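In what follows, a single structure is set out as C-alpha coordinates and then discussed.
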Amino acid sequence: MSDKPGEGRNKPLYMISVAAELTGMHPQTLRVYEQKGLVTPGRSRGNTRLYSQADIERLNLISKLTDEGINLAGVVRILDMRERAMQKDDEIDELRQRVRELEDEVHELRMREKITALARYDGSSPEQVLRGLLGSGSGSGE
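Going by the working numbering, the first residue of the sequence shown is number 136, and it counts up by one from there.
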(Lines of atoms letter the chains of each structure in order from A and count residues from 1; the text may use other names and numbers.)
(Lines give C-alpha, C1' and ligand atoms only; values in the text may rest on other atoms or scores of the structure.)
Protein backbone atom coordinates (compact mmCIF):
# COMPACT_ATOMS: atom_id res chain seq x y z
CA MET A 1 0.00 0.00 0.00
CA SER A 2 1.02 3.60 -0.56
CA ASP A 3 1.84 5.70 2.48
CA LYS A 4 1.56 9.11 0.81
CA PRO A 5 -1.94 10.55 0.36
CA GLY A 6 -2.82 11.05 -3.29
CA GLU A 7 0.08 8.89 -4.54
CA GLY A 8 -2.37 6.36 -6.06
CA ARG A 9 -4.18 9.13 -7.94
CA ASN A 10 -0.98 9.92 -9.83
CA LYS A 11 -0.11 6.36 -10.85
CA PRO A 12 -0.29 6.00 -14.66
CA LEU A 13 -2.81 3.23 -15.32
CA TYR A 14 -5.11 3.95 -18.26
CA MET A 15 -4.20 3.63 -21.94
CA ILE A 16 -5.45 6.42 -24.19
CA SER A 17 -8.49 4.42 -25.36
CA VAL A 18 -9.62 3.88 -21.76
CA ALA A 19 -8.91 7.52 -20.84
CA ALA A 20 -10.92 8.64 -23.86
CA GLU A 21 -13.84 6.46 -22.81
CA LEU A 22 -13.68 7.61 -19.16
CA THR A 23 -13.69 11.29 -20.17
CA GLY A 24 -16.01 11.07 -23.17
CA MET A 25 -13.31 12.60 -25.37
CA HIS A 26 -11.81 11.45 -28.63
CA PRO A 27 -8.25 10.05 -28.35
CA GLN A 28 -7.09 12.74 -30.81
CA THR A 29 -8.41 15.41 -28.43
CA LEU A 30 -6.32 13.89 -25.65
CA ARG A 31 -3.26 14.03 -27.89
CA VAL A 32 -3.94 17.71 -28.69
CA TYR A 33 -4.34 18.50 -24.99
CA GLU A 34 -1.01 16.81 -24.34
CA GLN A 35 0.66 18.84 -27.12
CA LYS A 36 -0.75 22.04 -25.60
CA GLY A 37 0.54 21.06 -22.16
CA LEU A 38 -2.89 20.71 -20.58
CA VAL A 39 -2.16 17.14 -19.47
CA THR A 40 1.03 15.13 -19.20
CA PRO A 41 0.36 11.41 -19.25
CA GLY A 42 3.03 8.97 -18.18
CA ARG A 43 4.64 6.61 -20.63
CA SER A 44 5.10 2.86 -20.57
CA ARG A 45 8.38 1.22 -21.56
CA GLY A 46 6.92 0.87 -25.04
CA ASN A 47 6.17 4.65 -25.04
CA THR A 48 2.40 4.13 -24.75
CA ARG A 49 0.55 7.01 -23.09
CA LEU A 50 -0.73 6.06 -19.64
CA TYR A 51 -3.17 8.33 -17.83
CA SER A 52 -3.57 8.48 -14.05
CA GLN A 53 -6.77 9.07 -12.11
CA ALA A 54 -5.53 12.64 -11.50
CA ASP A 55 -5.14 13.05 -15.30
CA ILE A 56 -8.71 11.79 -15.81
CA GLU A 57 -10.01 14.28 -13.24
CA ARG A 58 -8.05 17.08 -14.90
CA LEU A 59 -9.41 16.11 -18.32
CA ASN A 60 -12.95 16.09 -16.93
CA LEU A 61 -12.39 19.61 -15.55
CA ILE A 62 -11.03 20.74 -18.93
CA SER A 63 -14.11 19.28 -20.61
CA LYS A 64 -16.42 21.07 -18.18
CA LEU A 65 -14.64 24.39 -18.72
CA THR A 66 -14.66 24.12 -22.52
CA ASP A 67 -18.35 23.10 -22.42
CA GLU A 68 -18.96 26.37 -20.56
CA GLY A 69 -17.43 28.26 -23.49
CA ILE A 70 -13.96 28.88 -22.13
CA ASN A 71 -11.25 28.62 -24.78
CA LEU A 72 -8.07 26.61 -24.26
CA ALA A 73 -6.01 29.71 -23.39
CA GLY A 74 -8.52 30.47 -20.63
CA VAL A 75 -8.45 26.85 -19.48
CA VAL A 76 -4.64 27.02 -19.21
CA ARG A 77 -4.93 30.17 -17.04
CA ILE A 78 -7.62 28.62 -14.84
CA LEU A 79 -5.64 25.41 -14.35
CA ASP A 80 -2.51 27.40 -13.49
CA MET A 81 -4.38 29.54 -10.95
CA ARG A 82 -5.99 26.42 -9.49
CA GLU A 83 -2.61 24.71 -9.10
CA ARG A 84 -1.10 27.79 -7.45
CA ALA A 85 -4.07 28.08 -5.09
CA MET A 86 -3.68 24.41 -4.10
CA GLN A 87 0.03 24.97 -3.43
CA LYS A 88 -0.82 28.00 -1.28
CA ASP A 89 -3.38 25.93 0.64
CA ASP A 90 -0.72 23.28 1.30
CA GLU A 91 1.69 25.99 2.43
CA ILE A 92 -0.94 27.45 4.76
CA ASP A 93 -1.61 24.02 6.26
CA GLU A 94 2.12 23.52 6.88
CA LEU A 95 2.40 26.97 8.46
CA ARG A 96 -0.61 26.34 10.70
CA GLN A 97 0.98 23.10 11.89
CA ARG A 98 4.23 24.92 12.59
CA VAL A 99 2.36 27.64 14.54
CA ARG A 100 0.71 24.94 16.68
CA GLU A 101 4.12 23.39 17.38
CA LEU A 102 5.58 26.78 18.31
CA GLU A 103 2.59 27.55 20.57
CA ASP A 104 3.22 24.27 22.39
CA GLU A 105 6.90 25.14 22.80
CA VAL A 106 6.06 28.63 24.10
CA HIS A 107 3.60 27.15 26.58
CA GLU A 108 6.24 24.72 27.83
CA LEU A 109 8.81 27.51 28.19
CA ARG A 110 6.34 29.70 30.11
CA MET A 111 5.58 26.84 32.46
CA ARG A 112 9.30 26.34 33.06
CA GLU A 113 9.71 30.08 33.72
CA LYS A 114 6.90 30.01 36.29
CA ILE A 115 8.42 27.03 38.07
CA THR A 116 11.86 28.64 38.00
CA ALA A 117 10.43 31.94 39.32
CA LEU A 118 8.74 30.08 42.19
CA ALA A 119 11.98 28.27 42.97
CA ARG A 120 13.95 31.53 43.02
CA TYR A 121 11.40 33.19 45.30
CA ASP A 122 12.51 31.42 48.45
CA GLY A 123 15.72 29.80 47.34
CA SER A 124 14.19 26.33 47.18
CA SER A 125 14.65 23.93 44.33
CA PRO A 126 11.62 23.38 42.03
CA GLU A 127 11.08 20.00 43.69
CA GLN A 128 11.03 21.60 47.16
CA VAL A 129 8.65 24.31 45.98
CA LEU A 130 6.29 21.71 44.54
CA ARG A 131 6.52 19.64 47.75
CA GLY A 132 5.81 22.78 49.72
CA LEU A 133 2.82 23.66 47.54
CA LEU A 134 1.43 20.16 47.82
CA GLY A 135 2.13 20.00 51.56
CA SER A 136 0.76 23.49 52.37
CA GLY A 137 -2.84 22.41 52.02
CA SER A 138 -2.49 19.52 54.49
CA GLY A 139 -2.92 21.69 57.59
CA SER A 140 0.34 20.52 59.19
CA GLY A 141 1.96 23.18 61.31
CA GLU A 142 5.54 22.86 60.02
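All residues carry an ideal CB built from backbone N, CA and C; glycine is no exception.
These figures come from a predicted structure and were not determined experimentally.
Nearest residue (CA-CA) to Pro-147, options Thr-183, Ile-227 and Val-234: Here the question's residue 147 lines up with position 12 in the sequence shown. Here the closest residue by C-alpha is Thr-183.
Out of curiosity, what's the CA-to-CA distance linking Arg-231 and Asp-225? Along the sequence shown, read from residue 1 onward, the residue named residue 231 stands at position 96. Along the sequence shown, read from residue 1 onward, the residue named residue 225 stands at position 90. About 10 Å.
Three-state secondary structure (DSSP) at Arg-233? Here residue 233 refers to the residue found at position 98 of the sequence shown. Three-state result, Arg-233: helix.
Taking the continuous beta strand (DSSP E) assigned at Leu-173, which residues delimit it? Taking the sequence shown and counting its residues from 1, the one referred to as residue 173 is at position 38. Careful: Leu-173 lies outside any beta strand (DSSP E) and carries neither H nor E.
Compute the Euclidean distance between the alpha carbons of Arg-193 and Glu-236, then round it to the nearest angstrom. Position 58 of the sequence shown, counted from the start, is the residue given in the question as residue 193. Position 101 of the sequence shown, counted from the start, is the residue given in the question as residue 236. Taking the straight line from one Cα to the other gives about 35 Å.
How about the stretch 145-165 and the stretch 173-188: do they share at least three Cβ pairs that are nearer than 8 Å? yes
Using a Cβ distance threshold of 8 Å, determine whether the stretch 201-214 contacts the stretch 165-176, with at least three qualifying pairs required. yes
Taking DSSP as the reference, what is the three-state secondary structure of Met-246? Translated into the one-based positions of the sequence shown, residue 246 becomes position 111. Note: Met-246 maps to helix in three-state DSSP.
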